[in-house]
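Trainee:
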Amino acid sequence: LGDADGWALPVGYVHAGNLLTVVFDGSVFRIMAGARPTCVPFSVISAASQAIPNSVWTQISPGADATYPNVGALQAGKFTFVRGGLYIVSFDATLVASVIGPNQIQGRVTAKIGGIAIAGTAPGDSNYGGGTGSYAMNISVVTAVVAGTGSDLTIEAQISANSNYTAGACNSLGLAIWPIN
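Residues 1367 to 1547, numbered by this note's numbering, are exactly what the sequence shown covers, in order.
(1) What did DSSP end up calling Trp1423 once you bin it into helix, strand or coil?
(2) Got a sec: is the Cβ-Cβ distance from Leu1461 to anything in chain D below 8 angstroms?
(3) What does the alpha-carbon distance come out to for the pair Ala1513 and Ser1421?
(4) Which of helix, strand or coil does DSSP assign to Ile1454?
(5) Tell me which residue opens and which closes the beta strand (DSSP E) that Ala1449 is part of.
(6) Among residues of its own chain, excluding the 5 on either side of Thr1515, which ones have a beta-carbon nearer than 8 angstroms to its beta-carbon?
(7) Can the beta-carbon of Thr1476 be found less than 8 angstroms from the beta-carbon of Thr1487?
(8) Should Tyr1494 be labelled buried (16 or more other beta-carbon atoms within 10 Å of its own) or exposed?
(9) With distances taken from CA atoms, which of Ala1442, Gln1425, Leu1452, Pro1419 is nearest Val1511?
(10) Ser1517 by DSSP, collapsed to three states: which one?
(11) Please report how far the alpha carbon of Asn1504 lies from the alpha carbon of Gln1470, in whole angstroms.
(12) What are the partner residues of Thr1460, as DSSP defines its beta bridges?
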């Protein structure tokens, strides 16, 4: 993938049979079990804000409709698996909250399969006591999930704040799905 003498580090993957895949997204290396990531790519939303009302879990669309052979299809803001199996799901979200005074803000993101939250996928990021302005919260999740044929994966986000909250949005969402078996 590169060395200390200045070789470039390419974004993409190196596939070692059906055993391991090394993925580099431009800043982070990930080692995955199984086949190469024939999957939804990272950064499928860029600079496309999706509004999040105060304290309301809101479904976030990962981007334009697309089909990913042997994995599934992204359509109407949800990803539908074409076959049952074990998958690694990774997502990175940036939530932005605007406030007009002192505040305590918390952003959370979760993944759901068939409308049921996947355990451990609702980590949060908080900003406390800030004055008037906009505050960004960055949240990353990598988890293993079991999906049935035709199961729908959705991503939801929530921003909770006090009455000084004026607006919030998901400004970016990167989603990747790796089939393991």
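Where is the CB? At the ideal position from N, CA and C, for every residue including glycine.
Mentor: A quick look at the data gives this:
(1) Collapsing the DSSP output to three states places Trp1423 in coil.
(2) Looking for chain D here will not work: only one protein chain is present.
(3) The straight-line gap from Cα to Cα measures roughly 28 angstroms.
(4) Per DSSP, reduced to three states, the secondary structure at Ile1454 is strand.
(5) The identity of residue 1449 in the sequence shown is Arg, whereas the question assumes Ala. Run containing Arg1449: none; DSSP gives neither H nor E here.
(6) Once the five neighbours on either side are set aside, the close Cβ partners of Thr1515 are Phe1447, Val1448, Arg1449, Gly1450.
(7) Yes, these two residues count as a Cβ contact at 8 angstroms.
(8) When all chains shown are included, Tyr1494 counts as exposed.
(9) Restricting attention to Ala1442, Gln1425, Leu1452, Pro1419, the CA atom closest to the CA of Val1511 is found in Leu1452.
(10) Judged by DSSP in its simplified three-state form, Ser1517 adopts coil rather than helix or strand.
(11) Rounded to whole angstroms, the gap between the alpha carbons of Asn1504 and Gln1470 is 16 angstroms.
(12) Thr1460 pairs with Asn1504, Ser1538.
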